Amino acid sequence: MPLKIDFYGNDVNWNEPLTLFLFNYLTPNDMEVTPTSNRMYAFMVLYEMYTGFLLRALAGIDQKDAQKRLGTTANHMAWITGSVVHGRYFLAKSFGIDLPSITDELFANNKGIIDDVIYPALADFIKDWKNISPKLQEALTQATDEKLEEKLNIPGTEITLFEMISSVLTGRRTVSDKLPCGLGYWVIQE
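My numbering numbers the first residue of the sequence shown as 20 and each following residue consecutively.
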């Protein structure tokens, strides 16, 4: 049976590869910033990793290939990238950061992929990613325990900001499988 301990109210499976990686190989010296709330430490490590991962994953992909659905109904790379970028802008709004994004219309209210639409160029998504990432990182880093406990009304349930951050940064539904969650971000209809 895997070792589990209580970690700020959440069970952590210390035998899970990602958990082992984060806690055994990433030390405080690896982080660029130290969060105000200790509860955010592991999430900030993930945030910093994901910020660079997206840029490296998109390197060398041209616009034509980014629009290909590979002969299936799967989402193409441009849609996936836009969805992830939109997720950061969406989360930023919880901290009062309300900036315009190229994703505002195409991804509003958790819109799925729209057939026959040419999605923006990856370079445009990357520009938005680079714009929002440091601003959201600062907000996440400065979040106090009190801020993290703010209640958010999600259709069908109520969660804390910390629970939403957990879902956004891990891509997992941590509160309920019945709640809408797409590509690692909560959907709150305004």
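Every residue gets a Cβ at the ideal spot worked out from N, C-alpha and C, and that includes glycine.
The model shown is predicted, which means the values in this text are computed figures rather than measured ones.
Taking 8 Å as the cut-off, decide whether the C-beta atoms of Gly-101 and Pro-153 are in contact.
no
Which residue comes first and which comes last in the alpha helix (DSSP H) that contains Asn-172?
Where Asn-172 is concerned, there is no enclosing alpha helix (DSSP H), although the beta strand (DSSP E) it sits in stretches over 170-173.
Out of His-105, Thr-92, Asp-84, which has the shortest C-alpha to C-alpha gap to Ile-151?
His-105
Determine whether the beta carbon atoms of Ala-158 and Ile-132 lie at a separation below 8 Å.
no
Element boundaries [beta strand (DSSP E), containing Ile-133]:
No beta strand (DSSP E) contains Ile-133, which DSSP labels as neither H nor E.
Let me check understanding here. Comparing Cα to Cα, which of Leu-73, Glu-168, Lys-166 lies closest to Arg-107?
Leu-73
Please list, in chain order, all residues of the same chain as Ala-85 whose beta carbon is under 7 Å from its beta carbon, the five residues on each side excluded.
His-95, Met-96, Ala-97, Leu-141
Are Leu-155 and Leu-110 close, meaning C-beta to C-beta below 8 Å?
yes
Cutting at 7 Å between CB atoms, please list the residues of its own chain near Tyr-60, excluding the five before and the five after it.
Pro-54
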